[in-house]
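Chains as they are written, first to last, in the numbering used here: chain C, 11 to 151; chain R, 11 to 151.
Where a beta carbon is used, it is the ideal one built from N, C-alpha and C, also for glycine.
A quick write-up on the structure given underneath.
Protein chains: 2
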Amino acid sequence: MLRMATFCEEIQHLKAAGLRPTRQRLSLARLLFAEGDRHVTAEDLYQEARGAGIQVSLATIYNTLHQFTAAGLLREVPVDTGQSYFDTNTTHHHHFFEPEQGVVIDIPGEAVELNELPTPPAGYDIDRVEVIVRLRRAARP
Amino acid sequence: MLRMATFCEEIQHLKAAGLRPTRQRLSLARLLFAEGDRHVTAEDLYQEARGAGIQVSLATIYNTLHQFTAAGLLREVPVDTGQSYFDTNTTHHHHFFEPEQGVVIDIPGEAVELNELPTPPAGYDIDRVEVIVRLRRAARP
DNA sequence: GTGTTTGCAAAGTGTTTGCAATTTA
DNA sequence: TAAATTGCAAACACTTTGCAAACAC
Chain C
11 MLRMATFCEE IQHLKAAGLR PTRQRLSLAR LLFAEGDRHV TAEDLYQEAR GAGIQVSLAT
71 IYNTLHQFTA AGLLREVPVD TGQSYFDTNT THHHHFFEPE QGVVIDIPGE AVELNELPTP
131 PAGYDIDRVE VIVRLRRAAR P
Chain R
11 MLRMATFCEE IQHLKAAGLR PTRQRLSLAR LLFAEGDRHV TAEDLYQEAR GAGIQVSLAT
71 IYNTLHQFTA AGLLREVPVD TGQSYFDTNT THHHHFFEPE QGVVIDIPGE AVELNELPTP
131 PAGYDIDRVE VIVRLRRAAR P
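Here's what the structure looks like:
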């Protein structure tokens, strides 16, 4: 989604999310959303931004990732490495996770279906269901 | 499982796992396994141990939780709060997670079934599938 | 006795925060 | 110009580590 976004489209993207299109947010949005679905950590994005000559601080990376997530432009993936992973794909889908490299790969929503959802405890609703398929290196065949 | 474990049973439990039954490990094992299924963070267990008058350091709590996990006595639950959660139930099951309180609740393995598993990327096998059902407070009825 | 385990304090990692300077509308 | 945003550095929370003393076998 948002492949080939132009500058103006990205501005609309942010404004629609209620975020001022500042230089940093625009630059980061273009890195994140220009190239299709991605999974990044704060550090990944920081390195990528600096590599691209974008002047931005790590604190702003964190702020921006959380603001984008709150605005529904990103989703956080619950992997239990120390770091937070953010996913540019906010549609219904799940994840493979390879712990050694820390690689996250999308699984299309249709590829995993639950037969029935468990009844939540009284007083609670189901917010969403996350399926993480943990991978390990295949045994020699 | 391991309800009502006696001292000697706990020693066997550790020895079977290849761990020397030291005073600290025994005390922690009894806290963890005497009372049925539990979900604890390192800090939880540390406070509980100190409250019970068990002399143990936080570093040892961390060591022990990881050793127990490596030995298959515990499982880590992939929730993305900053902390690590350890589960004394190592059988096939899944979890509810309530982010505001940080509460983890077991879902029996049979209550959630996947219709089919996605094919892992080449060179990888599926290690295990984790289903986290995120809860939010119910809207006023 | 020998190798393992423990505890402490220090270091490490990832993330958040306070606040002055800057930018946006 | 008023309000929002940024960057820096310091603070933070959680976890790991190095090493000497204590312990298990």
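Is the shortest distance between the beta-carbon of residue i and the beta-carbons of chain C less than 8 Å?
i, result
"VAL139 of chain R", "yes"
"ARG60 of chain R", "no"
"ILE64 of chain R", "no"
"ILE117 of chain R", "yes"
"MET11 of chain R", "Summary for MET11 of chain R: the model assigns pLDDT 47, below 50, so the residue's position carries little reliability, and this model does not support an answer."
Within the same chain, show all residues whose beta-carbon is closer than 6 Å to that of residue i, passing over the 5 residues directly before and after it, in chain order.
i, result
"GLU140 of chain R", "PRO88"
"ARG144 of chain C", "PHE107"
"LEU12 of chain R", "Residue placement at LEU12 of chain R cannot be trusted, given a pLDDT of 42 that sits under 50; what the coordinates show is reported in the next sentence. Excluding positions up to five away in sequence, the list reads PHE43."
"ILE142 of chain C", "HIS105 and PHE107"
Rounded to the nearest angstrom, what separates residue i and residue j at their Cα positions?
i, j, result
"ILE117 of chain R", "PRO31 of chain R", "31 Å"
"ARG146 of chain C", "TYR134 of chain R", "6 Å"
"ASN125 of chain R", "THR101 of chain R", "20 Å"
"ALA149 of chain C", "VAL113 of chain C", "19 Å"
"VAL50 of chain R", "GLN111 of chain R", "13 Å"
"GLU45 of chain R", "GLU53 of chain R", "18 Å"
"ARG40 of chain R", "GLU86 of chain R", "19 Å"
"ILE21 of chain R", "THR79 of chain R", "17 Å"
"ARG138 of chain C", "GLN34 of chain C", "31 Å"
"SER94 of chain C", "GLU19 of chain C", "27 Å"
"ASN159 of chain C", "LYS25 of chain R", "Residue 159 of chain C lies beyond the stretch modelled for chain C, which goes from 11 to 151, so this question has no answer here."
"LEU29 of chain C", "PRO128 of chain C", "37 Å"
"PRO109 of chain C", "SER37 of chain R", "31 Å"
"ASP90 of chain C", "GLY92 of chain R", "9 Å"
"PHE7 of chain C", "LEU75 of chain R", "Here chain C has residues from 11 to 151 only, and residue 7 of chain C is not among them."
"GLU120 of chain R", "PRO131 of chain R", "27 Å"
"ILE136 of chain R", "ILE136 of chain C", "26 Å"
Under 8 Å Cβ-Cβ, which residues of chain C neighbour residue i?
i, result
"GLY133 of chain R", "ARG147 and ALA148"
Can you find a CB in chain R that lies within less than 8 Å of the CB of residue i?
i, result
"VAL50 of chain C", "no"
"ASN73 of chain C", "no"
"SER5 of chain C", "The first residue shown for chain C is 11 and the last is 151, placing residue 5 of chain C beyond what the model contains."
"ILE136 of chain C", "yes"
"PRO130 of chain C", "yes"
In chain order, what residues of the same chain have a beta carbon less than 8 Å from the beta carbon of residue i, not counting five sequence neighbours either side?
i, result
"GLY82 of chain C", "ALA27 and THR100"
Which residues in the same chain have their Cβ closer than 7 Å to the Cβ of residue i, if we skip the five residues on either side of it in sequence?
i, result
"THR98 of chain R", "LEU42, PHE43, ASP47, ARG48 and LEU84"
"TYR56 of chain R", "LEU68 and ILE71"
"GLN77 of chain C", "LEU29"
"VAL122 of chain C", "HIS104 and VAL141"
"ILE115 of chain R", "HIS105 and PHE106"
By the criterion of Cβ-Cβ separation under 9 Å, what are the contact partners of residue i in chain C?
i, result
"PRO88 of chain R", "PRO88, VAL89, ASP90, PHE107, GLU140, ILE142 and ARG144"
Residues of chain R with CB closer than 8 Å to the CB of residue i, please, in chain order.
i, result
"GLU123 of chain C", "LEU124, ASN125 and GLU126"
(message) Would the segment 53-68 of chain R count as touching the segment 55-65 of chain C if we require 3 or more Cβ pairs under 8 Å?
(response) no
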